[in-house]
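Q:
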Amino acid sequence: MRTKIAAGNWKMNKNYQEGLNLVLDIQKNTQPSDVLVILATPFLQLKEAIHITRYNPHIKIAAQNCHHEEKGAYTGEVSANMLAAINVEYVIIGHSERRQYNRESNEIIAQKVNAALKAGLKPIFCCGESLEIRNEGWQERFVNNQIERGLLHLSAEELESVIIAYEPIWAIGTGLTASPEQAQDMHFSIRKKISEEKGEKLAQNMSILYGGSVKPNNATQLFSQKDVDGGLVGGASLKASTFIPIIQALENDPT
Ligand code: PGA
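Be aware that the sequence shown starts at 188, since it is given in the numbering used here, and climbs by one per residue.
#1: With a cut-off of 8 angstroms on the beta carbons, I'd call residue 420 and residue 433 a contact; round off their distance for me.
#2: Relative to the ligand PGA, is the shortest distance from any of its heavy atoms to the C-beta of residue 317 smaller than 7 angstroms?
#3: How would you label residue 363, buried or exposed, when you count the other beta carbons within 10 angstroms and need 16 or more for buried?
#4: Looking only at C-alpha atoms, which of 235, 237 and 319 sits nearest to residue 356?
#5: Is it right to say residue 378 is buried, meaning 16 or more other beta carbons lie within 10 angstroms of its own, or is it exposed?
#6: Would you kindly work out how many angstroms separate the C-alpha atoms of residue 277 and residue 307, rounded to a whole number?
#7: In chain order, what are the residue ranges of uninterrupted alpha helix (DSSP H) at least 4 long that sit wholly in the region 308 to 369?
#8: Short of 7 angstroms in beta carbon distance, which residues of its chain neighbour residue 380, apart from the five on each side in sequence? Order them along the chain.
#9: Would you check if the region 261 to 279 and the region 235 to 250 touch, i.e. whether three or more CB-CB distances between them fall below 8 angstroms?
#10: Roughly how many whole angstroms lie between the Cα atoms of residue 425 and residue 207?
#11: Given the structure, does residue 249 come close to the ligand PGA, in the sense that its CB is under 7 angstroms from one of the ligand's heavy atoms?
#12: Of all the options 395, 204, 313 and 336, which has the alpha carbon lying nearest to the alpha carbon of residue 372?
#13: Any heavy atom of the ligand NAP closer than 7 angstroms to the CB of residue 437?
#14: Kindly examine the ligand PGA and report whether one of its heavy atoms sits closer than 7 angstroms to the Cβ of residue 354.
#15: State buried or exposed for residue 294, treating a residue as buried only when at least 16 other CB atoms are found within 10 Å of its CB.
#16: Contact defined as beta carbons within less than 8 angstroms: I believe residue 310 pairs with residue 349. What is the distance between those atoms, to the nearest angstrom?
#17: From residue 197 to residue 360, what does the alpha carbon distance come to, in whole angstroms?
#18: Check whether the Cβ atoms of residue 354 and residue 398 lie closer than 8 angstroms to each other.
#19: If you draw a straight line from the C-alpha of residue 258 to the C-alpha of residue 190, how long is it?
#20: Could I get the ranges of all uninterrupted alpha helix (DSSP H) runs contained in the region 233 to 268, with 4 residues as the minimum, in chain order?
#21: Could you pull the DSSP bridge partners for residue 377 from this structure?
#22: With residue 196 as the anchor, note down where its beta strand (DSSP E) starts and where it stops.
Rendered as structure tokens:
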């Protein structure tokens, strides 16, 4: 059985109090279920968000990034160890915005994955192709390469702690969504790659999330796909009124 996950990626939104209000709002309006809710807040709110949700096993808090080195002269950076020390459990790694705006390469991302695992954090590893690549038709080869270079140096045991998020760049923040079939095809291809390289058992147990303009009105269809185990949600995770229906769509999904 794979864990169903509804993750919210707040990106650089919400000041301190707004963010904590949103955590409280989501906690108040969700019931225990088989869905794990993960909230990736800005660094500033992590500690207090963890405190607010400390008795709630269904809501976990994630960081949106960490540095690949353990410590040192990296002004403005936060290490995986620092996150682990305040009981952060998850960290998003390799989001396309960081790949693009911060020039994060597959090699740096692989090092971040290592740093996260070493600190005891669970990486939410993002991958996804540009519109150009999709139009040219080699999106599966591109994403498989990201998986290979970012993740496949890990042992099957290490990979058990990893969540994969497929986020086609052309669908992020654009209002365009991959069709349920496009999402399913890619998730199937990712799972097949993991299975070929690391074994079927691991591949069947890994949660693979879809991200890219997930909204209350398309969540049910996306989640109904066999290999889509949940969502990584940006814009629609910024309000309880749009994020809760997405969580509920996943709760109601029988697949
Ligand atoms: P979006 O963002 O839901 O606003 O498209 C998703 C993401 O970037 O994680």
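Virtual Cβ for every residue (Gly too), placed ideally from N, Cα, C. It should be emphasised that the depicted structure is a prediction, and the values quoted were computed from it without experimental measurement.
A: Concretely, from the data shown:
#1: That belief holds up - the Cβ atoms of residue 420 and residue 433 are roughly 6 angstroms apart, short of 8 angstroms.
#2: The answer is no for residue 317.
#3: Result: exposed.
#4: When each option's Cα is compared against that of residue 356, the closest is 319.
#5: Sixteen is the threshold: when 16 or more other Cβ atoms of the shown chains lie within 10 Å of the Cβ of residue 378, as they do, the residue is buried.
#6: Going by the C-alpha atoms only, they are around 9 angstroms apart.
#7: Whole alpha helix (DSSP H) segments, 4+ residues: 318 to 323, 326 to 337 and 343 to 346.
#8: The residues are 331 and 334.
#9: With the cut-off at 8 angstroms, the region 235 to 250 and the region 261 to 279 touch.
#10: Separation of residue 425 and residue 207 (C-alpha to C-alpha, rounded to the nearest whole angstrom) is 12 angstroms.
#11: Because no heavy atom of the ligand PGA lies under 7 angstroms away, the Cβ of residue 249 does not count as near it: no.
#12: The shortest C-alpha separation from residue 372 is found at 395.
#13: In the structure shown, the ligand NAP is absent; the only ligands present are the ligand PGA.
#14: Correct: residue 354 has its Cβ closer than 7 angstroms to the ligand PGA.
#15: Around the beta-carbon of residue 294, fewer than 16 other beta-carbon atoms lie within 10 Å, marking it exposed.
#16: Between residue 349 and residue 310 the Cβ distance is about 5 angstroms, and since that is below 8 angstroms, they are a contact.
#17: Roughly 12 angstroms between the two C-alpha positions.
#18: Yes, the Cβ-Cβ distance between residue 354 and residue 398 is below 8 angstroms.
#19: Whole-angstrom Cα-Cα distance: 32 angstroms.
#20: Those alpha helix (DSSP H) runs which fall completely within the region 233 to 268 and span 4+ residues are 233 to 239.
#21: DSSP, once it has assigned bridges, lists no residue as partnering residue 377.
#22: Residue 196 -> beta strand (DSSP E) spans 191 to 196.
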